[in-house]
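Numbering (our numbering), first residue to last: 2 to 418.
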C-alpha cells in the first residue's frame, strides 16, 4: 500500500499558537503550566472531539515520535523500519509530503511473534539522537539502540550503538515503551517475559516483583555513554544500594507495560499495563512538588491483576492500585497507555488522559485527576473514537495528540468535532 500523509491545512497555525503557549510556560516547574483556558472551557463531551485520518499505508505501525518539528513525524513499524512523514515546506499549503525511509533494521529484527519486532521509538530531548527498542533476531533479546540523526533526518547506521540489552525468556511480554522524563533521563518499559512457550501459569518465575531481574519493570537510565560504559545509572535510582537488585529499576510489579508517558504539566507518569485474562490497568505515579515522579513503586503484578488476587504466595503489601481498570470484553483485552492532553486546540480536553485498547481499537479519555484506587464505575470516561487496533498514542511538539493503528496502518489526529 502506498504510504500517504494527509496534511490538515491549519496545522501550521496550530503549531505557531502552541509554540507561543509553550514559550510562555518555559522556565518553571512542571506544575506551573497555565490551566486558565481549560478552567473556562465547557465540560468535555464525546461530541466535542474526533479522530481525523492524517496518514495511512504503514502496515503494522507501532509508534510515532517527533524531533522538534511538529510538522515532521517519524512512524515506526514492527518489521523494523522507521519512516518520516510530512514536509515543513508544504504544511501550510496542505500539500502531502513524502514518506521517506529513515531507518531499516532489516534482518537484525525478528517480528515472528506478535509481540516481537521494532517496538518503540523516542528522540533525545537535547541531542540529535534517536532510540529504538527491538527484538534481536539472533537470540530474541530486547535491544535498546541509539542512532545519530543525519542532516537529512535519517538515522545514521554508522553510528548505531547498543545501549542496553535484556534477555527475554519467551516471545511475549517484551514491553517496548520509551519516554524521556522531565529529569532528562530515559524511562524504559520492560515486560515480565511471559510464559515459556506461551503456555502455563502467568509469570511462572515470579519475575515482576523480583528486584534481581530487569523484567516487569520501569527502568531509568542516562543513555549517553560515560566512563567507558554505554550508559549510566542515576545515583538516585531507588535500588542502587540494595544488595542483589538491578540498579536500573525505577518501578516494578508490572506485567507488560506497552506504553508510558509523562504529563508535561505535572511530571506524573502514566502507564498502561496489559493484563492477563481478566483486567486491563491504567497506573499513575504522581510527581512530588519537586516535579519528579515517586521512585520505587510496586504495582503488584503478579500478586494482583486489577482487583483480582492472582498469587497468594506473592507478597504485595503497599502496592499502588490502578487509577483505572476495565474488564476484558467489549472494551478490549490489551490496554495501550497514552498521554495527558496539554495542547491548545481542544480546551475542554486539557487535563484529560487519553488512552486506548489494541484489541477493540477504542480510544477514551478520563480526567488526569483520577487517582490510584478509584472505583472505575465512578470515573467519567469519554469515548473519543475507534480508529482500529491502537498501538501508540503520542503528543507532538505542538501539544496535539496522534493515535497509531497497527493493523490499519494509520495515523489519526485528535481534533475538534
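Yeah, the Cβ is synthetic: ideal placement off N, Cα and C, and Gly gets one too.
Check, Outcome
"Are the CB atoms of residue 64 and residue 122 within a distance shorter than 7 Å?", "yes"
"Can you tell me whether residue 236 is helix, strand or coil according to DSSP?", "coil"
"Indicate the three-state DSSP secondary structure (helix, strand or coil) for residue 51 in the structure shown.", "strand"
"In the DSSP assignment, the beta strand (DSSP E) including residue 337 goes from what residue to what residue?", "336-341"
"Could you tell me which whole alpha helix (DSSP H) segments of length 4 or greater appear in the segment 361-392?", "none"
"In whole angstroms, give me the CA-to-CA distance for residue 130 and residue 286.", "27 Å"
"On the premise that residue 352 lies in contact with residue 404, defined as a C-beta separation below 8 Å, what is that separation, rounded to the nearest angstrom?", "Not really, about 19 Å apart at Cβ, beyond 8 Å."
"Can you give me the Cβ contacts of residue 298 inside the same chain, cut-off strictly under 6 Å, excluding the 5 residues immediately before and after it?", "252, 286 and 321"
"Near residue 145, what residues of its chain come up, given a Cβ to Cβ distance below 7 Å and the 5 sequence neighbours on each side ignored?", "132, 134, 164, 165 and 189"
"State the Cα-Cα distance for the pair residue 93 and residue 74, rounded to the nearest angstrom.", "Residue placement at residue 93 cannot be trusted, given a pLDDT of 33 that sits under 50; the coordinates are not used to answer."
"Which full runs of the beta strand (DSSP E) of 3+ residues lie inside the segment 127-215, going along the chain?", "130-136, 143-150, 156-167, 179-181 and 187-191"
"Assuming residue 409 contacts residue 388 under a Cβ cut-off of 8 Å, what Cβ separation, rounded to an integer in Å, is found between them?", "7 Å"
"Is the Cβ-Cβ distance between residue 262 and residue 180 less than 7 Å?", "yes"
"Pick from 222, 230, 325 and 398: whose alpha carbon is nearest that of residue 240?", "222"
"Quick one: any contact between the segment 202-222 and the segment 327-335, if contact means 3 or more CB pairs under 8 Å?", "no"
"Helix, strand or coil: which one does DSSP assign to residue 274?", "strand"
"Between the beta-carbon of residue 340 and the beta-carbon of residue 366, is there less than 7 Å?", "no"
"Report the residue from 406, 347, 380 and 362 whose alpha carbon sits nearest the alpha carbon of residue 41.", "347"
"Could you name the residues of the same chain whose beta carbon sits closer than 7 Å to that of residue 107, not counting the 5 residues immediately before and after it, in chain order?", "81"
"Buried or exposed for residue 376, going by 16 or more other Cβ atoms inside 10 Å?", "exposed"
"Is residue 82 helix, strand or coil when you go by DSSP?", "strand"
"Relative to the alpha-carbon of residue 308, which residue among 277, 415, 335 and 314 has its alpha-carbon at the smallest distance?", "277"
"Mind checking which residues open and close the beta strand (DSSP E) that includes residue 281?", "280-286"
"Are residue 118 and residue 79 close, meaning C-beta to C-beta below 7 Å?", "yes"
"Among the residues of its own chain, which have a CB less than 6 Å from the CB of residue 312, if the five just before and after it don't count?", "303 and 304"
"Please report the straight-line C-alpha distance between residue 155 and residue 258, rounded to a whole angstrom.", "28 Å"
"Count the other CB atoms within 10 Å of the CB of residue 294; is the residue buried (16 or more) or exposed (fewer)?", "buried"
"Please report the distance separating the alpha-carbon of residue 193 from that of residue 43.", "42 Å"
"Return the Cβ separation of residue 394 and residue 46 in integer angstroms, given the expectation that the two are a contact with Cβ distance under 8 Å.", "That belief does not hold up - the Cβ atoms of residue 394 and residue 46 are roughly 20 Å apart, past 8 Å."
"Under the assumption that residue 317 contacts residue 210 (Cβ atoms under 8 Å), give the Cβ distance between them as a whole number of angstroms.", "7 Å"
"Check the Cβ-Cβ distances between residue 204 and every residue of chain C, and say whether any is below 7 Å.", "The structure shown contains no chain C; it holds only a single protein chain."
"Look up residue 248 in the DSSP assignment and say whether it is helix, strand or coil.", "coil"
"Figure out for me which residue from 174, 288 and 349 has the closest Cα to the Cα of residue 427.", "An answer regarding residue 427 cannot be provided, because it is not within the stretch 2 to 418 covered by the chain."
"Is residue 411 near residue 57, with beta carbons less than 7 Å apart?", "yes"
"Would you report the Cα separation of residue 344 and residue 279, rounded to the nearest angstrom?", "34 Å"
"Can you tell me whether DSSP reads residue 114 as helix, strand or coil?", "coil"
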